[in-house]
Ligand code: NAD
Ligand code: TYD
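Residue numbers (the working numbering): 5 to 340.
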């Protein structure tokens, strides 16, 4: 039987990779993409996809608009990617994060319950667990301890999702993933920013001492993990997804510079991010044991492919650099 997936935020980085993967590999799924087209969206990410696919421009924080879409369509699964997703922006303007990430998620939950959707999957992040100091990794049992307005809004959304399971017995699932990289990522995030600045011989701003650690995962591995959880996950459960690739920021940047034959002198140490989380690392043994999930990409191979993608898709990112991003970049990095 054909299923209809309502995907929110499908013009963003991970949502677009998810939709492309589903439409390329599944004939038994129709996708409805809802996106309000913020700065982070790019309709070109899904250029050429028309079969089994429909798009609605709508804001998930606008319940009336959402309600109309739920009334017009029979939706089986909801997969909520839509979010304000950048920590640095959340430090500049927290309120848009609660609006989209918290109120938007609540609207989706209420409408999904009303329309009796079969599954509701919330796409969450390791950042809800806070910051690791010494050894150890985040498990699904680690208490939530978010430290940025972004991660606080994602943690609030996760709690709402779980509350709908406990209170209304709603069929919900949550995935929490580590830092993604890969094609179609907006250039404000560390890896695409480094590649694009290096290609343009521009300085690369490195926060603090550069030794903060992230557990990097290729976006296609994340997408495959999401598909497993959608298929096999137990309702009311959280599944961590990680890349097995803990790396310091400085080492990521050096790898990219070396690959592109650019000098290390492009690295510019700048003032640290406020409240900068030191280290994230995911224990994903639950999804590994229950569903056989393992990331397929080694970091080096994933980075090489990603560097190639940005080198070969200059048209994609050039347009972004000439728009609002220029203003944001100035505000974030000038005089830092
Ligand atoms: P992104 O910023 O690239 O894309 C977000 C998309 O959501 C954009 O297309 C944007 O237009 C849309 N959107 C934003 N506000 C909206 C609203 N109010 N209504 C409708 N659409 C709206 O984000 P991403 O990196 O693709 O992240 C997707 C999801 O994955 C987010 O929920 C994020 O918290 C989560 N996540 C991201 C990472 C990562 O490393 N990028 C890691 C773990 C989890
Ligand atoms: P980012 O890609 O913003 O992801 P997140 O904050 O969600 O982990 O940042 C990844 C790491 O890189 C983080 O420790 C902050 C650091 N960073 C820099 O050093 N310079 C930059 O210009 C950016 C964007 C990030």
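Backbone N, C-alpha and C define an ideal beta-carbon position, used for all residues, glycine too.
Within 7 Å of the C-beta of residue 315 there is not a single heavy atom belonging to the ligand TYD. Check the Cα spacing between residue 200 and each of 34, 313, 93: the tightest is with 313. Cβ atoms of residue 308 and residue 263 come within 8 Å of each other, at about 7 Å. Runs of alpha helix (DSSP H) with 4 or more residues, each lying fully within the segment 176-240, are found at 194-203, 223-236, listed in chain order. The beta-carbon separation of residue 232 and residue 286, rounded to 15 Å, does not stay under the 8 Å limit for a contact. Between the alpha carbons of residue 128 and residue 153 lies a gap of roughly 14 Å.
Taking all protein chains in view, the Cβ of residue 68 is surrounded by fewer than 16 other Cβ atoms within 10 Å, so the residue is classified as exposed.
In this structure, residue 87 sits away from residue 73, with a CB-CB distance that is not shorter than 8 Å.
Around the beta-carbon of residue 310, 16 or more other beta-carbon atoms lie within 10 Å, marking it buried. Contact check for residue 40 against residue 101 fails: the beta carbons are separated by 8 Å or more. Here the distance from the Cβ of residue 244 to the nearest heavy atom of the ligand TYD is not below 7 Å.
Here the distance from the Cβ of residue 266 to the nearest heavy atom of the ligand TYD is not below 7 Å.
Relative to the ligand TYD, the beta carbon of residue 67 is positioned no closer than 7 Å to any heavy atom.
56 is the residue among 56, 38, 333 whose C-alpha sits nearest the C-alpha of residue 30.
Membership of residue 39 in the beta strand (DSSP E) is indicated by the continuous run 33-39. If one requires a minimum length of 4 residues, the alpha helix (DSSP H) runs lying completely within the segment 77-125 are 91-96, 109-118, in chain order. Listed in chain order, the alpha helix (DSSP H) runs fully inside the segment 123-172 are 153-172, counting runs of at least 4 residues. Residue 278 sits exposed, since fewer than 16 C-beta atoms from the chains shown fall within 10 Å of its C-beta. Residue environment for residue 136: buried (at least 16 other C-beta atoms within 10 angstroms of its C-beta).
At a threshold of 7 Å, residue 111 does not count as near the ligand NAD, since its beta carbon sits no closer than that to any of the ligand's heavy atoms. The closest heavy atom of the ligand NAD lies 7 Å or more from the beta carbon of residue 71. Assigned with DSSP and collapsed to three states, residue 251 falls in strand.
For residue 291, the enclosing alpha helix (DSSP H) starts and ends at 289-295. By DSSP's assignment, residue 286 forms a beta bridge with 142.
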